[in-house]
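Accompanying notes for the structure given below.
Protein chains: 4
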Amino acid sequence: MKHTETVEITGHLMDTGILSRVLNDIREYGGDWVITGIDVGHDAGDTSTATINVWTDDDEALQRLLMRLQTHGVNMVDPGEAGVEVADRDGVFPDGFYSTTNLETKVRIGGRWVEVDNPEMDCGLIVDDSGASLRVFTLPMSDVRSGMKVVCGAAGIKVTVPVAAKSDGAFGFMESDVSSEKPQAVLVRQVAEGMREAKAAGKKVLWVGGPGVVHTGAAPAMVALVEAGFVDVLFAGNALATHDIESALYGTSLGVDLAQGRGVEHGHEHHIRALNTIRKAGSIRDAVDQGVLTGGIMHSLVTHGKHFVLVGSVRDDGPLPDVYTDVLEGQRAMRGSLTDVGFCLMVATMLHSVATGNILPASIPLVCVDINPATVTKLADRGSSQARGIVTDVGLFLEQLAMELVPAYRNHRT
Amino acid sequence: MKHTETVEITGHLMDTGILSRVLNDIREYGGDWVITGIDVGHDAGDTSTATINVWTDDDEALQRLLMRLQTHGVNMVDPGEAGVEVADRDGVFPDGFYSTTNLETKVRIGGRWVEVDNPEMDCGLIVDDSGASLRVFTLPMSDVRSGMKVVCGAAGIKVTVPVAAKSDGAFGFMESDVSSEKPQAVLVRQVAEGMREAKAAGKKVLWVGGPGVVHTGAAPAMVALVEAGFVDVLFAGNALATHDIESALYGTSLGVDLAQGRGVEHGHEHHIRALNTIRKAGSIRDAVDQGVLTGGIMHSLVTHGKHFVLVGSVRDDGPLPDVYTDVLEGQRAMRGSLTDVGFCLMVATMLHSVATGNILPASIPLVCVDINPATVTKLADRGSSQARGIVTDVGLFLEQLAMELVPAYRNHRT
Amino acid sequence: MKHTETVEITGHLMDTGILSRVLNDIREYGGDWVITGIDVGHDAGDTSTATINVWTDDDEALQRLLMRLQTHGVNMVDPGEAGVEVADRDGVFPDGFYSTTNLETKVRIGGRWVEVDNPEMDCGLIVDDSGASLRVFTLPMSDVRSGMKVVCGAAGIKVTVPVAAKSDGAFGFMESDVSSEKPQAVLVRQVAEGMREAKAAGKKVLWVGGPGVVHTGAAPAMVALVEAGFVDVLFAGNALATHDIESALYGTSLGVDLAQGRGVEHGHEHHIRALNTIRKAGSIRDAVDQGVLTGGIMHSLVTHGKHFVLVGSVRDDGPLPDVYTDVLEGQRAMRGSLTDVGFCLMVATMLHSVATGNILPASIPLVCVDINPATVTKLADRGSSQARGIVTDVGLFLEQLAMELVPAYRNHRT
Amino acid sequence: MKHTETVEITGHLMDTGILSRVLNDIREYGGDWVITGIDVGHDAGDTSTATINVWTDDDEALQRLLMRLQTHGVNMVDPGEAGVEVADRDGVFPDGFYSTTNLETKVRIGGRWVEVDNPEMDCGLIVDDSGASLRVFTLPMSDVRSGMKVVCGAAGIKVTVPVAAKSDGAFGFMESDVSSEKPQAVLVRQVAEGMREAKAAGKKVLWVGGPGVVHTGAAPAMVALVEAGFVDVLFAGNALATHDIESALYGTSLGVDLAQGRGVEHGHEHHIRALNTIRKAGSIRDAVDQGVLTGGIMHSLVTHGKHFVLVGSVRDDGPLPDVYTDVLEGQRAMRGSLTDVGFCLMVATMLHSVATGNILPASIPLVCVDINPATVTKLADRGSSQARGIVTDVGLFLEQLAMELVPAYRNHRT
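Chains as they are written, first to last, in the working numbering: chain A, 1 to 414; chain H, 415 to 828; chain L, 829 to 1242; chain W, 1243 to 1656.
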């Protein structure tokens, strides 16, 4: 017996390829489809709406398919009311829980649509009716507690895809294209513009960085951007912070290497001693306060009152005392730092870029810069469809970005 | 004033390039050198010995340089006695602590040489004279406790480079070469031989794997190798285990995809539900015992009584209940699983390969297989100089390895 | 003033993303569009037809746009009659010449549709009415001669996209996906099946190869495939042939290297002497006949009466006497060898793969195997949309392919 | 019976790793060795000299080995007189011909040392005693003519390795290191300095470029460098010139794409029409003279009287009328353009970089810039050991280089 549902999707269906992705997903989830209606609008700029009948062999598969399709912004024509079940165990959702997208989401409960507080993908939806007004929020699997009310099934849920600034907006570089064959100077200007717009709107700029920022000699450029107010929050691992601090502490010798382009020594000596020095001070801030750490990216973040979240990984030495060694606590700290973020730049890190992509709402513009095309591709594969990728040299890119955003930085070169 | 020391190194100095790396390191650490003697032996097969005077501007730099040189097997001609200081704070070494290499190490204390228990790089050396006999062991920075006695300075320490099976041994493929232009079928045979030798010597085979093992369709080959006894321990992250379990749980649909080569769905649906299912069962073993998990790599490890250590990362969903979310605890569990390991194969993971390279003694043969040359290069850069890299397709490599080591596996193909 | 045309396209528009590529191209060519009708059929398997009004500011741009759209299989609803002009100079087309696609093409002349003889992209269409029946054929720019009649403008032309063996055919692996995360063993079987089908249909199998075939140790596998009849034509450069011959001539030493996996010596000595030896013999065939060359890929091609076309490049040493040093003559020889080709496998060469992609009709199945994702991506970018890419190790891939297609080859391994 | 020779090498043997490469090569050529003497000098800066006995099983192998070793600057202690044989056939050297290196070379004939005119690797040495004074020059295999006198065997030949500007010179960035983790801004300055030095010494700057120069938007930067006199000669293929011309001819639309960073259309339309347009004009210079071509790199080369050599490849469309379609003629034109070249920059092309590396004397500083590490690695593998590699974004690199070398270019940005 076929289990059937009618769904619809609205948007620039014809020229974005989104429809083909939707139909492919139906097949991959073992379903089938027929397009029952398509309205292409009158002008090229108009959005189109497609109505699609989808069916699978059993209801469980259909529910999973419907949730999957929501990641593309496909909603049921007649969503009905959301189902709710109570979690009976810490850290485990009820079977059939609704798995979230990173899109703006509404849930229909008791006949009215409730906006979900904090869109994040791969979470559950918790219904909290304990307060004056009913609230629905996303929660990661590991944080659910017995007794919480969890939305189950795909019914009663509607998602909204962010309005694409397609082709005409200030931030309109091509979505699907990860390419090293791009006029890179133009891309620098577009990222600068995205940051300026976010700041003008009173939003924060979030950076996600890997140690390549230091290795490519871009630390001075990033320091200039911190000082000029274009870095509000930094997500990174132990490596970026340690390499930066190592470079600041053992400035003479490492400075020579950097200035002469001879390649940075990755040897354990400076690295492991830098870690021990900061651990002895107590924390990065303590090291700054004690006059132990007097330069570099971390120093500028501390002295300008900016926020950073460092999360550890299995390959870490040390680590620095500021590093969250428990990755779940690290993720929580990252989530807690997303408020008011209006632009996100990811530089030279696959691990932290994917981690941030996992928790970032789809509505926040996101640019990923790496010399390795695989990093950007992976990011998009994991669901961060809003990600724009730039395959370029991180050192030269940040140098140019600083020259674009910080007039005084230009002079430093001469 | 110059601070000087006379050091020596013995080995195949002329034909391995090791001497040039030593001399470069002296320069990079701000020192200078003169070769005062060189004995090249009589035959091509003889080892050479070089005696070198090194000097720097201050003693601290000299100590650091001497420690650095030990990573290449360079010892002081007259090492003297080791210095020892007491740690005055948890998680912090005394300034000037001796930072370890991953080589066999001896420490001279009270006039006699004591062998270090467990070589590991970037650690401190703890002197324990509380028992009947004096003991020296490596300890990572985060595990040092106030009151422990820590070796400081480079004096009184000797390291031994593993005897290179160079050119003639069963496992003699070229050290410095990371290349995709290699006769790959031959390399498969050499890795098989390395595993057979380890098993014949009563040693364990350690695997370090990434999710690419599952994505490339190599799970059946790896299961065959587990069953045939060629996988004793697995180090991995949440991803390999979850993708494997996901593939086992949602076999029908994913099975079709894998069998038809259409690419595996990375979507959140199956992934996030597989995690919830195992969390509900309690653990991977519980899921096997309850009949929930009935196939795949993790299932075969459990049913054959093999050991695995899963360590989390900041990008994890879930994670599986078996995953260490605290990376320091995860590192401790990995360290605790190295006993009797005689061969290590790293497949398709940069993060866990580097993490394992950090804690593995240099005496254990180590092969790293990845389609991405950067993974192997990075491993060698971080100090795992014994690493042999094979740039190839992981799926086809493991398929061939299983056919080489497991006669019955050949038939499965037809 | 707007210049307008109504075009239509039929196919699996909804689930292939082709429509979005068409609409993007209209914008990139400075045009605009409105979809005036769309017929999605009744069943999921039905093809859809879209009718689109396109316009630009001037007629020349419109003509160029219409030609561009034909590369996607978009035809004018009312194509009219083809325009013809006479070339007035050797090697130069008239302005406004119709630039061809690699699709099956028909031209309307004198009220009837004439099939174009040999589809090839980026050529002109020559009308030859000198014989009994009117003939239209493609001709590259450099071969046009003064006085030839050349089709101009987009009018009077219709193209047909090959019937996609989508999802259900024997050769249905995903079109758009260039990925190293694929179950590679399955892909080997699909390529084997494609070759068997071509041979069963009385067609030829064309190989395009780079020197990586020799370096990865795959020469024995390829020789087995030549002997078993799965290599009818080889397109390559000087390098593949020279490395193969070098390996055959200096077998002992190089053989040892290959057998021990120590990496092949690229040194000038063997290489340059192998070239001189074959030049002295007169040709590769002469060297075989004289007993100078007794093994390897080129030897097996000669002794089994197979055809090869070697075309030179600016980096060549020697070259071998069989190499076309004039690239236009080389292209002509390649074109002349395409008759009856029913399957094409490209292995480990970007230069010759792109060159072959340029002249191959879209109707011939095409698989490109390389460890470098960029090779396959580039191929697809250049217009060979039928190309399927496999990112894998060439040595292991050909080893597996030989085992799949040549039963006797399996035994050779033991 | 062993065939033995005593050879010696002088240089920074200890800290460059050159000795280990020499000894490895002896083994790879089936020989064996014993170091009979080594003189390490007194100071760190002193050169060392090693004396080595080498032997093989037969004399032919020994001769080949001795020639191979000369690529590293290893000479016989007692070279004797050169042997000379007469070529008896066009395009074929006598067996046992001496195969050249790219090092400064002297040949001993009639008791005196004659300097070889034009060092180039993989050629033969022709002795011309027809003139007043005896002359020896390199000649590629394809250009030898019957009756010419060719040096055979390794006797009577001495090579000199260029004085390494190691570590202290203006152009001292690390030789062996191909890395994307380098402070890129510093490398830009070093390349600028290398160019300035060459110009100050009255030498020419040779550029070798691929189409990526245009795709990355670097054409304006390169035009500025042409105008400022930092581009004397350009070696390229059909693609760079055609893409540049295409961009200049169809400026409006392509200009928009470039300015907005939307990715350049590689479609056949503009490309194939640009080719036809220049073919119609007669040549690139004719197109400039006729006012057809008014901008871009090729235009600036023509209007500033700079020289370019375009050599075709098998994948070319068109090609442009200026392109050598015969690769041997192209190589001859390139050789003819090397006079007075004092610095060579290779940008974004593997094919033409390797081709140029093949003919360039080792004494000319050579920098290779590419986003793909494989390009630089390949260059070094082929024998261009003087090559310094920079893995970075070509567009940003040339932008920075122009800002460094052309003060006025800085202003253009604002």
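Just so it is clear, CB atoms sit at the ideal spot from N, CA and C, and this is done for glycine as well. Only a predicted model underlies this, so the values are computations on that prediction, with no experimental measurement involved.
{"query": "Stretch-stretch touch, CB-based, cutoff 8 angstroms, three pairs: the region 283-295 of chain A with the region 500-513 of chain H", "result": "no"}
{"query": "DSSP-derived helix/strand/coil call for Met555(H)", "result": "helix"}
{"query": "Proximity below 8 angstroms, CB of Thr988(L) to CB of Glu932(L)", "result": "yes"}
{"query": "Asn238(A), enclosing alpha helix (DSSP H) - first and last residue", "result": "Asn238 to Leu249"}
{"query": "Residue range of the alpha helix (DSSP H) that includes Leu1543(W)", "result": "Ile1539 to Thr1545"}
{"query": "Contact list for the region 1424-1435 of chain W against chain A, Cβ threshold 7 angstroms", "result": "Lys1424, Pro1425, Gln1426, Ala1427, Val1428, Leu1429 and Gln1432"}
{"query": "CB of Val361(H) within 8 angstroms of CB of Val783(H), strictly", "result": "Residue coverage of chain H in this structure runs from 415 to 828, which leaves residue 361(H) outside it and unanswerable."}
{"query": "Burial state of Asp232(A) (16 or more Cβ within 10 Å)", "result": "buried"}
{"query": "Any 3 or more C-beta pairs closer than 8 angstroms across the region 532-550 of chain H and the region 465-476 of chain H", "result": "no"}
{"query": "With 16 other Cβ atoms within 10 Å as the buried cut-off, status of Arg145(A)", "result": "exposed"}
{"query": "Per DSSP, the bridge partner or partners of Ala1292(W)", "result": "Ile1251(W) and Ile1280(W)"}
{"query": "Stretch pair the region 274-281 of chain A + the region 233-249 of chain A: three plus CB contacts closer than 8 angstroms", "result": "yes"}
{"query": "Per-residue burial, Asp1301(W) [other beta carbons within 10 Å of its own, 16 or more giving buried]", "result": "exposed"}
{"query": "Contact list for Ile157(A) against chain L, beta-carbon separation under 9 angstroms", "result": "In chain order: nothing, as chain L lies at least about 25 angstroms away."}
{"query": "Host beta strand (DSSP E) of Arg1143(L) (start-end)", "result": "Where Arg1143(L) is concerned, there is no enclosing beta strand (DSSP E), given that its DSSP letter is neither H nor E."}
{"query": "Three-way DSSP call (helix, strand, coil) for Arg549(H) in this model", "result": "strand"}
{"query": "CB contact below 8 angstroms: Asn1317(W) versus chain L", "result": "no"}
{"query": "Residue environment, Ile1374(W), which counts as buried when at least 16 other CB atoms sit within 10 Å", "result": "Reading off the sequence shown, one finds Ala at residue 1374(W), where the question assumed Ile. Under this definition Ala1374(W) is an exposed residue."}
{"query": "Nearest-angstrom beta carbon gap, Val868(L) and Ile35(A) [assumed within contact, 8 angstroms]", "result": "4 angstroms"}
{"query": "C-beta atoms of Asp843(L) and Asn75(A) nearer than 8 angstroms", "result": "no"}
{"query": "Alpha-carbon to alpha-carbon, Met555(H) and Gln814(H)", "result": "41 angstroms"}
{"query": "8 angstroms Cβ cutoff, Arg1652(W) in contact with chain H", "result": "no"}
{"query": "Anticipated Cβ contact below 8 angstroms, Val311(A) with Arg285(A), distance rounded", "result": "In fact, because the Cβ distance is near 18 angstroms, the residues do not count as touching under 8 angstroms."}
{"query": "is_contact[Gly1333(W), chain L] using C-beta, thresh 8 angstroms", "result": "yes"}
{"query": "Per DSSP, cross-strand counterpart(s) of Met760(H)", "result": "Val622(H) and Cys782(H)"}
{"query": "Neighbourhood of Gly1398(W) by C-beta distance below 8 angstroms, restricted to the same chain and skipping five residues each side", "result": "Pro1321, Gly1322, Glu1323, Ala1324, Gly1325, Val1349, Arg1350 and Ile1351"}
{"query": "Environment of Lys830(L) [buried if 16+ CB atoms lie within 10 Å]", "result": "exposed"}
{"query": "Closer than 8 angstroms to chain H by CB, Ile1073(L)", "result": "no"}
{"query": "8 angstroms Cβ cutoff, Asp15(A) in contact with chain L", "result": "yes"}
{"query": "Chain W contact for Phe471(A) (CB, 8 angstroms cutoff)", "result": "Chain A is shown from 1 up to 414; residue 471(A) falls before or after that span and cannot be answered."}
{"query": "Residues within the region 1220-1237 of chain L neighbouring chain H, beta-carbon criterion of under 7 angstroms", "result": "Thr1220, Asp1221, Gly1223, Leu1224, Phe1225, Glu1227 and Gln1228"}
{"query": "Closer than 8 angstroms at the beta carbon, the chain W residues around Leu1179(L)", "result": "Ser1555, Val1556, Arg1557 and Leu1593"}
{"query": "C-beta neighbour in chain W for Ser434(H), strict 8 angstroms", "result": "yes"}
{"query": "Proximity test, Cβ basis, 8 angstroms: Asp582(H) and chain W", "result": "With a pLDDT of 35 at Asp582(H), under the threshold of 50, the predicted position of this residue should be treated as unreliable, though the coordinate-derived value follows. Not closer than 8 angstroms to any Cβ of chain W, the Cβ of Asp582(H) fails to qualify, so no."}
{"query": "CB contact check: Leu1121(L) to chain W, cutoff 8 angstroms", "result": "no"}
{"query": "Reference Ala1183(L), options Gly901(L), Ile1192(L) and Leu1207(L), closest by Cα", "result": "Leu1207(L)"}
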